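Report on the structure given below.
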């Protein structure tokens, strides 16, 4: 989408998108109260998906979504710090095991989704890859995959994992969690000084730069790479403020749910059941790799499974 297209203004569509976002914000707030990971994204997506399947006249925040994907990219890039690079050498066994796990898992699940569920190769790959929810959905859509299937697979995967892993730790290890972490390492707007905020905002220039260089998923990868550069170089250690991160999750989640307008409920339920089966396989495979790595390294099985 070009900049002039993003700047076009249609009052009716803007008002409709605002009402849709307000409705989906209720879902985000509810899931935040329930301490669900990625609460504002998943809550907004579930509320908008259910409303879309029920025939509600939702309006997608399409143009705003591109800007919010850039915020996600900046957030991801802020995880690349000099401290991480200093400790990479100490993690080679864990990293090698993780890479092996990801390759085996992605290849197996992608093949199953392609051959048994009839997903196209791109949708199969991004549905199978155990990456971040929003990252996989955005990149999958940019590469030509069906973001509805990708988002459903990942959303159900997160929910099943959230429902099973904590219960396992609570009743098997007698673990009692503390206060929810929320958005770790993320402060509010008032916590970020003007210089850091300006540096973070300038990372948005990575989007047009990535478009010129014809990068895939330019709206995500461009800001992410520029953010990674400024954080690795030590120019800033700041992360996007929580208010903007929450808004980006709300907009992206709402946009995903709006994709289900006009879709048959039967197809959605089929994809959801497929995701439950895939997630069960993922958890069993993850447990197997974590157990094996615990025997090799002496690290605790619970910590490795969480990782």
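In my numbering, the protein residues as written are -16 to 290. Glycine included, every Cβ here is placed at the ideal spot set by N, Cα and C. Being a predicted model, the structure only gives us computed values, none of them experimental.
Count the other CB atoms within 10 Å of the CB of residue i; is the residue buried (16 or more) or exposed (fewer)?
i: residue 252; result: exposed
i: residue 232; result: buried
i: residue 280; result: exposed
i: residue 242; result: buried
i: residue 78; result: exposed
i: residue 16; result: exposed
i: residue 57; result: buried
i: residue 291; result: No information on residue 291 is available, as it lies outside the stretch -16 to 290 that the chain covers here.
i: residue 38; result: exposed
i: residue 160; result: Confidence at residue 160 is low in this model, with a pLDDT of 48, below 50, so its placement is unreliable and the value that follows should be read with caution. The residue is exposed, with fewer than 16 neighbouring Cβ atoms inside 10 Å.
i: residue 107; result: buried
i: residue 262; result: buried
i: residue 128; result: buried
i: residue 274; result: exposed
i: residue -6; result: exposed
i: residue 283; result: exposed
Considering only residues of the same chain and omitting the five flanking positions on each side of residue i, which have a CB-CB separation below 7 angstroms?
i: residue 270; result: 288
i: residue 124; result: 130
i: residue 221; result: 175, 179 and 183
i: residue 208; result: 60 and 189
i: residue 117; result: 24, 55 and 235
i: residue 259; result: 139 and 143
i: residue 226; result: 171 and 172
i: residue 218; result: 182
i: residue 86; result: none
Compare the beta carbon distance of residue i and residue j with 8 angstroms and say whether it is the shorter of the two.
i: residue 272; j: residue 80; result: yes
i: residue 35; j: residue 7; result: no
i: residue 32; j: residue 240; result: yes
i: residue 100; j: residue 203; result: no
i: residue 137; j: residue 122; result: no
i: residue 228; j: residue 54; result: yes
i: residue 177; j: residue 206; result: no
i: residue 291; j: residue 265; result: As displayed, the chain neither begins before -16 nor continues past 290, which places residue 291 out of reach and without an answer.
i: residue 255; j: residue 94; result: no
i: residue 9; j: residue 30; result: yes
i: residue 44; j: residue 4; result: yes
i: residue 63; j: residue 211; result: yes
i: residue 92; j: residue 111; result: yes
For residue i, which residues in the same chain have their Cβ closer than 6 angstroms to its Cβ, ignoring the five residues on either side in sequence?
i: residue 47; result: 234
i: residue 84; result: 272
i: residue -1; result: 42
i: residue 2; result: none
i: residue 51; result: 231, 234 and 235
i: residue 198; result: 204
So residue i and residue j are in contact, right, with Cβ under 8 angstroms, and what is the actual spacing, rounded?
i: residue 268; j: residue 65; result: Between residue 65 and residue 268 the Cβ distance is about 33 angstroms, and since that is not below 8 angstroms, they are no contact.
i: residue 200; j: residue 194; result: Contact flag wrong, Cβ pair sits at about 11 angstroms.
Please list, in chain order, all residues of the same chain as residue i whose beta carbon is under 8 angstroms from its beta carbon, the five residues on each side excluded.
i: residue 126; result: 105, 109, 199 and 200
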